[in-house]
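Beneath this line is the structure, given in structure tokens, with notes to follow.
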Amino acid sequence: MDYKHLTEEERHQIDDLKREGFNQKQIAKKIGRSPSTLSRELRHNKGERGWRPRQAQHKAVMKAEIFSAR
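Each residue of the sequence shown is one higher than the one before, starting from 112 at the first, in the numbering used here.
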């Protein structure tokens with residue numbers, strides 16, 4: 112199975128589309144990702160003030176560094 116992490120650009124697209132009022136399923140279709148990928152992203156990479164693209168990117172990079180060091 113081919114697996115590709117969300118990019119910072121995709122995270123900013125998600126943020127823009129959320130602000131425009133699109134729902135998760137619509138956003139997933141527009142960025143070419145599965146709805147479950149988007150759902151996991153919004154759930155796993157949020158902070159105290161909700162999901163934000165820069166913070167989500169930072170958290171994803173930090174997680175990748177931690178897991179690659181194992």
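All C-beta atoms in this analysis are idealised placements derived from N, C-alpha and C, irrespective of residue type, glycine included. Note that the structure is predicted; figures quoted are calculated from it, not measured.
Closer than 7 Å by C-beta to E176: which residues in its own chain qualify, once you throw out the five before and the five after it? Chain order, please. Taking the first residue of the sequence shown as position 1, residue 176 is located at position 65. The answer is none, since no qualifying residue turns up.
Is E152 buried or exposed, if buried means 16 or more other CB atoms sit within 10 Å of its CB? Along the sequence shown, one-based indexing puts residue 152 at 41. Classification for E152: buried.
Could you give the DSSP three-state label for M112: helix, strand or coil? Taking the first residue of the sequence shown as 1, we reach residue 112 at position 1. Because the pLDDT at M112 is just 46, under 50, the model does not fix this residue reliably, and the value given afterwards should be weighed accordingly. The answer is coil: DSSP assigns M112 none of H, G, I, E or B.
Could you give the first and the last residue of the continuous alpha helix (DSSP H) run that contains A167? The residue you call residue 167 lines up with position 56 of the sequence shown. Here the alpha helix (DSSP H) through A167 covers P164 to S179.
For the region 163 to 172 against the region 118 to 127, do three or more pairs of beta-carbon atoms, one drawn from each stretch, fall closer than 8 Å, so that the two count as touching? yes
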